[in-house]
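**Student:** Structure below; questions to follow.
There are 2 protein chains.
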Amino acid sequence: MATGRTHRPATRSRGIPEATVARLPLYLRALTALSERSVPTVSSEELAAAAGVNSAKLRKDFSYLGSYGTRGVGYDVEYLVYQISRELGLTQDWPVVIVGIGNLGAALANYGGFASRGFRVAALIDADPSMAGKPVAGIPVQHTDDLEKIIDENGVSIGVIATPAGAAQQVCDRLVAAGVTSILNFAPTVLSVPDGVDVRKVDLSIELQILAFHEQRKAGEEASPDGSGPAAAPKDTSGQGPDGDVPAVMPA
Amino acid sequence: MATGRTHRPATRSRGIPEATVARLPLYLRALTALSERSVPTVSSEELAAAAGVNSAKLRKDFSYLGSYGTRGVGYDVEYLVYQISRELGLTQDWPVVIVGIGNLGAALANYGGFASRGFRVAALIDADPSMAGKPVAGIPVQHTDDLEKIIDENGVSIGVIATPAGAAQQVCDRLVAAGVTSILNFAPTVLSVPDGVDVRKVDLSIELQILAFHEQRKAGEEASPDGSGPAAAPKDTSGQGPDGDVPAVMPA
DNA sequence: ATGTCTTTGTGAACGCGTGCACAAAGATGG
DNA sequence: CCATCTTTGTGCACGCGTTCACAAAGACAT
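Residue numbers (the working numbering), protein chains in the order written: chain R, 443 to 694; chain U, 443 to 694.
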């Protein structure tokens with residue numbers, strides 16, 4: 443799971459738990475793969491395995507959407523694909539703008555995952571004047587000055603921020619002021635937005651640090667003569683465990 | 443305090459909740475910024491605001507690390523930076539390999555967030571022979587054939603997968619077999635790994651779909667602001683669909 | 001010292017998410 | 001039509017995470 447979410451339980455309208463919503467795309471992906479192989483139906487057990495979750499959890503998730511399964515048989519793949527797509531709002535077209543066309547922004551623009559599922563890159567925006575007009579992924583980059591106009595003319599409600607951290611909040615403010623109400627933030631900054639605007643963040647270094655924590659814990663448990671814990675088998679030989687208490691406070 | 447006092451060890455408390463671990467990098471980032479501005483101490487309230495969380499949550503998070511604050515004053519910034527860094531395992535160097543040097547992989551290689559906090563890009567690996575030797579972000583790309591050797595010689599335990607979905611599982615298997623125990627997966631696939639291996643995934647299209655869900659809900663709420671009597675009506679009731687029944691199936 | 005003021009650290013309550021276990025629903029076969 | 005078998009849908013219990021609210025701890029002034 444990534445990122446904290448909004449602190450608002452206003453999801454009572456449909457009653458679909460946030461955790462369930464976060465898994466729907468996973469199910470959809472697995473179902474789409476089945477659909478391409480022309481598999482007509484699938485059981486909760488099979489689908490759960492494909493999505494990497496517990497089958498009871500999957501069934502409960504689907505129960506929030508309605509009773510779309512047939513007992514003794516399973517779920518109709520095509521029908522479920524449609525229902526989930528509709529629930530997620532993928533039956534309509536979502537124009538998206540990407541702000542900040544550096545290495546990451548360009549990679550995102552080229553990413554196929556956008557167009558394939560109801561999302562359309564409406565525009566690429568960058569603050570560098572020398573980028574203007576230059577095509578990236580077949581789309582000409584436009585200058586930040588025209589941000590508001592672009593948002594307005596294309597009816598954009600979802601924005602992707604791929605700028606340096608320093609510019610993120612400012613870009614965010616402009617996006618919101620122009621009418622964007624959902625933001626996907628790749629910049630390593632906490633964005634503050636007014637109520638009603640959703641922000642999800644993708645942060646590489648946070649993910650790595652979490653992995654490092656667990657990695658350290660794994661390494662420390664092998665040698666630790668500590669009473670509790672699994673005095674597990676010596677897989678050791680990690681060699682690189684001089685550890686000790688090296689100071690090494692890191693820079694920026 | 444059910445689970446005994448942690449006053450004694452203060453070094454390795456294996457009882458740090460996962461949710462807390464996920465927030466430590468956030469605190470660390472905010473603290474580092476304060477440190478650079480030479481701010482000596484900070485209150486839980488201020489730091490919480492900077493990190494975008496609740497102050498009570500932050501205090502509880504820190505309580506798992508030990509009692510590093512001073513009542514009536516707050517937390518010593520430098521000390522806390524060090525403690526969190528140590529807890530996350532950032533006081534040591536983590537060599538990382540990136541597999542799949544396409545648009546995304548190249549962007550990741552160029553990302554400054556790597557080197558800045560204890561992580562070092564040890565190698566870039568790609569399956570395309572024509573990429574071999576070609577430098578990306580100052581590091582020559584190596585061929586997949588040498589994957590095992592690279593992992594071994596550099597003592598790599600963290601791998602980043604930025605390949606197409608189709609190659610992800612295979613690359614994952616080889617990484618794990620070679621000794622990698624933590625994986626950051628950018629490919630839109632569910633990876634299956636043996637016990638003891640951590641996997642975190644970053645998935646653009648899932649994030650977008652979650653945003654789309656909320657976006658759709660916002661748009662649909664304008665008409666009927668009622669919402670009272672959440673009689674949990676997950677049953678049918680779909681008759682309100684704006685569209686017909688087009689099974690918008692989409693490609694991968 | 002003593003009192004006041006600030007801020008931490010945490011007990012306790014609450015709510016959400018997860019997983020078990022099973023009854024109900026429907027398919028299938030005789 | 002009845003029996004049996006498969007698989008869904010869900011009631012329930014449990015554990016984690018969040019939040020409130022406050023006593024304890026220390027700083028600081030007198």
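From the three backbone atoms N, C-alpha and C, an ideal C-beta is built for every residue, glycine too. Predicted, not measured: the structure shown is a model, and the values here were computed from it.
Considering Cα atoms alone, identify which of R:N627, R:K499, R:Q612 is closest to E649 of chain U.
**Tutor:** The residue labelled residue 649 of chain U in the question sits at position 207 within the second sequence. Here the closest residue by C-alpha is R:N627.
**Student:** Taking the C-alpha atoms as reference points, what is the distance between I567 of chain U and V541 of chain U?
**Tutor:** Stepping through the second sequence from its first residue, residue 567 of chain U is reached at position 125. Stepping through the second sequence from its first residue, residue 541 of chain U is reached at position 99. Whole-angstrom Cα-Cα distance: 5 Å.
**Student:** Between S647 of chain U and P537 of chain R, is the Cβ-Cβ spacing less than 8 Å?
**Tutor:** Along the second sequence, read from residue 1 onward, the residue named residue 647 of chain U stands at position 205. Along the first sequence, read from residue 1 onward, the residue named residue 537 of chain R stands at position 95. Contact: no.
**Student:** Who are the near neighbours of S527 of chain R in its chain, counting only those whose CB is closer than 7 Å to its CB and skipping five residues on each side?
**Tutor:** The sequence position of residue 527 of chain R within the first sequence is 85, counting from 1. Correct list, in chain order: L470, T533.
**Student:** Please report whether the beta-carbon of K576 of chain U lies at a distance below 8 Å from any beta-carbon of chain R.
**Tutor:** Within the second sequence, numbered from 1, the residue matching residue 576 of chain U stands at position 134. Judged by the 8 Å Cβ criterion, K576 of chain U is not in contact with chain R.
**Student:** Less than 8 Å between the CB atoms is what I'm expecting for I625 of chain R and V641 of chain R, so what's the real figure, rounded?
**Tutor:** Numbered from 1 along the first sequence, position 183 holds the residue referred to as residue 625 of chain R. Numbered from 1 along the first sequence, position 199 holds the residue referred to as residue 641 of chain R. Indeed, because the Cβ distance is near 5 Å, the residues count as touching under 8 Å.
**Student:** Under 8 Å between C-beta atoms, does P467 of chain R make it to chain U?
**Tutor:** The count along the first sequence starts at 1 and reaches residue 467 of chain R at position 25. Output row for P467 of chain R: interface = yes.
**Student:** Applying the 10 Å Cβ sphere with the 16-neighbour rule, what's the burial state of Y524 of chain U?
**Tutor:** As a first step, residue 524 of chain U must be located in the second sequence, where it is residue number 82. It is buried - the Cβ of Y524 of chain U has at least 16 other Cβ atoms within 10 Å.
**Student:** Using only CA atoms, which one of R:N496, R:K591, R:T483 lies nearest to V622 of chain R?
**Tutor:** Along the first sequence, one-based indexing puts residue 622 of chain R at 180. Looking at the Cα atoms, R:K591 is the closest of the given residues.
**Student:** What residues in the region 552 to 576 of chain U have a beta carbon less than 7 Å from any beta carbon of chain R?
**Tutor:** Residues passing the 7 Å Cβ filter: N552, Y553, G555, S558, R559, G560, F561.
**Student:** Within 8 Å (strictly less), CB to CB, does F504 of chain U reach chain R?
**Tutor:** Along the second sequence, read from residue 1 onward, the residue named residue 504 of chain U stands at position 62. No - not a single Cβ of chain R is within 8 Å of the one on F504 of chain U.
**Student:** Going by CA-CA distance only, name the one from R:S486, R:K660, R:F561, R:D588 that's closest to S509 of chain R.
**Tutor:** On the first sequence, residue 509 of chain R is found 67 positions in, with the first residue counted as 1. Among R:S486, R:K660, R:F561, R:D588, the Cα nearest to that of S509 of chain R belongs to R:S486.
**Student:** Whole angstroms are fine: how far does the CA of K576 of chain U sit from the CA of T462 of chain R?
**Tutor:** In the first sequence, counting from the first residue as 1, residue 462 of chain R sits at position 20. In the second sequence, counting from the first residue as 1, residue 576 of chain U sits at position 134. Taking the straight line from one Cα to the other gives about 44 Å.
**Student:** Please confirm whether L507 of chain U and L489 of chain U have their CB atoms less than 8 Å apart.
**Tutor:** The sequence position of residue 507 of chain U within the second sequence is 65, counting from 1. The sequence position of residue 489 of chain U within the second sequence is 47, counting from 1. Contact flag unset, no.
**Student:** Of the residues that make up the region 530 to 546 of chain R, which ones have a beta carbon closer than 9 Å to any beta carbon in chain U?
**Tutor:** Going along the region 530 to 546 of chain R in chain order, one finds L530, G531, L532, T533, Q534, W536, V538, G544, N545, L546 with a Cβ nearer than 9 Å to chain U.
**Student:** For Q534 of chain U, report the span of its alpha helix (DSSP H) as first-last.
**Tutor:** Mapped onto the second sequence, residue 534 of chain U falls at position 92. That residue, Q534 of chain U, is in no alpha helix (DSSP H); it is neither H nor E in DSSP.
**Student:** Excluding the 5 residues flanking V583 of chain R on each side, which residues of the same chain have their C-beta closer than 8 Å to its C-beta?
**Tutor:** Position 141 of the first sequence, counted from the start, is the residue given in the question as residue 583 of chain R. So the qualifying residues of the chain are I543, L566, I567, D568, M573, A574, G575, K576, P577.
**Student:** Give the DSSP-derived three-state secondary structure of S485 of chain U in the structure shown.
**Tutor:** In the second sequence, residue 485 of chain U corresponds to position 43, counting from 1. Reduced to three states, the DSSP call for S485 of chain U is coil.
**Student:** Considering only C-alpha positions, which residue in the set R:P636, R:Q658, R:L589, R:A579 is nearest to L546 of chain R?
**Tutor:** Mapped onto the first sequence, residue 546 of chain R falls at position 104. Checking every option, the nearest Cα to that of L546 of chain R belongs to R:A579.
**Student:** Write down every uninterrupted run of the beta strand (DSSP E) in the region 534 to 622 of chain U whose length is 3 residues or greater and which is fully enclosed by it, in chain order.
**Tutor:** Fully enclosed beta strand (DSSP E) runs of 3 or longer: 536 to 541, 561 to 568, 581 to 585, 600 to 603.
**Student:** In whole angstroms, give me the CA-to-CA distance for A492 of chain R and A472 of chain R.
**Tutor:** Position 50 of the first sequence, counting from 1, holds the residue named residue 492 of chain R. Position 30 of the first sequence, counting from 1, holds the residue named residue 472 of chain R. Going from the Cα of A492 of chain R to the Cα of A472 of chain R covers about 6 Å.
**Student:** Which of the three DSSP states is assigned to L633 of chain R in this structure?
**Tutor:** The sequence position of residue 633 of chain R within the first sequence is 191, counting from 1. Residue state, collapsed to three classes: coil.
**Student:** List the endpoints of the continuous beta strand (DSSP E) containing I625 of chain U.
**Tutor:** By one-based count along the second sequence, residue 625 of chain U stands at place 183. 624 to 627 is the span of the beta strand (DSSP E), which, as asked, contains I625 of chain U.
**Student:** Check distances from the C-beta atoms of the region 649 to 660 of chain R to those of chain U and list, in chain order, the residues that come in under 8 Å.
**Tutor:** So the list reads E649, L650, Q651, I652, L653, A654, F655, H656, E657, Q658, R659, K660, given in the order they occur along the chain.
**Student:** So, with DSSP's three-state summary, where would you put Y469 of chain U?
**Tutor:** The residue given as residue 469 of chain U occupies position 27 in the second sequence. Here Y469 of chain U sits in helix by DSSP.
**Student:** Just to make sure I have the definition right: I need the residues of chain U whose C-beta is within less than 8 Å of the C-beta of L489 of chain R. Which are they?
**Tutor:** Sequence index remark: in the first sequence, residue 489 of chain R carries index 47 (1-based). Near L489 of chain R there are no residues of chain U at all, since even the closest Cβ is about 12 Å away, more than 8 Å.
**Student:** Would you say P451 of chain R faces chain U, with C-beta separation under 8 Å as the test?
**Tutor:** Start at 1 with the first residue of the first sequence, and residue 451 of chain R comes out as number 9. Bear in mind that a pLDDT of 38 at P451 of chain R, under 50, signals an unreliable position, so the number given afterwards is only what the model happens to contain. Not one chain U Cβ lies under 8 Å of P451 of chain R.
**Student:** Thinking C-alpha only, which one of R:D587, R:P630, R:P482 is nearest V515 of chain R?
**Tutor:** Start at 1 with the first residue of the first sequence, and residue 515 of chain R comes out as number 73. The candidate whose alpha carbon is nearest that of V515 of chain R is R:P482.
**Student:** Go through its chain and collect everything with a Cβ distance to A611 of chain U's Cβ below 8 Å, but skip five positions before and after it.
**Tutor:** Here residue 611 of chain U is taken as the residue at index 169 of the second sequence, counted from 1. According to the sequence provided, residue 611 of chain U is Gln. The question's Ala does not apply to it. Cβ neighbours of Q611 of chain U beyond the five flanking positions: T631, L633, S634.
**Student:** Name, in chain order, the residues that DSSP records as bridge partners for R642 of chain R.
**Tutor:** Mapped onto the first sequence, residue 642 of chain R falls at position 200. Partner(s): R:L626.
**Student:** Buried or exposed: E595 of chain R, going by 16 or more other Cβ atoms within 10 Å of its Cβ?
**Tutor:** Position 153 of the first sequence, counted from the start, is the residue given in the question as residue 595 of chain R. By the 10 Å Cβ count, E595 of chain R comes out exposed.
**Student:** What does a CB cutoff of less than 8 Å around V639 of chain R pick up in its chain, not counting 5 residues either side in sequence?
**Tutor:** Along the first sequence, one-based indexing puts residue 639 of chain R at 197. So the list reads V618, V622, T623, S624, I625, once near-sequence residues are dropped.
**Student:** Going along chain U, which residues have a C-beta under 9 Å from V484 of chain R?
**Tutor:** Locating residue 484 of chain R in the first sequence gives position 42, counting from the first residue. Under the 9 Å cutoff, chain U gives no residues; its nearest Cβ is about 15 Å from V484 of chain R.
**Student:** Where do the N-terminal and C-terminal ends of the alpha helix (DSSP H) with Y510 of chain R fall, by residue?
**Tutor:** Stepping through the first sequence from its first residue, residue 510 of chain R is reached at position 68. Note, Y510 of chain R: premise wrong, no alpha helix (DSSP H); not H, not E.
**Student:** With DSSP run on the structure shown, which of helix, strand or coil describes K457 of chain R?
**Tutor:** Residue 457 of chain R sits at position 15 when you count from the first residue of the first sequence. Before going further, note that residue 457 of chain R is Gly rather than Lys in the sequence given. The answer is coil: DSSP assigns G457 of chain R none of H, G, I, E or B.
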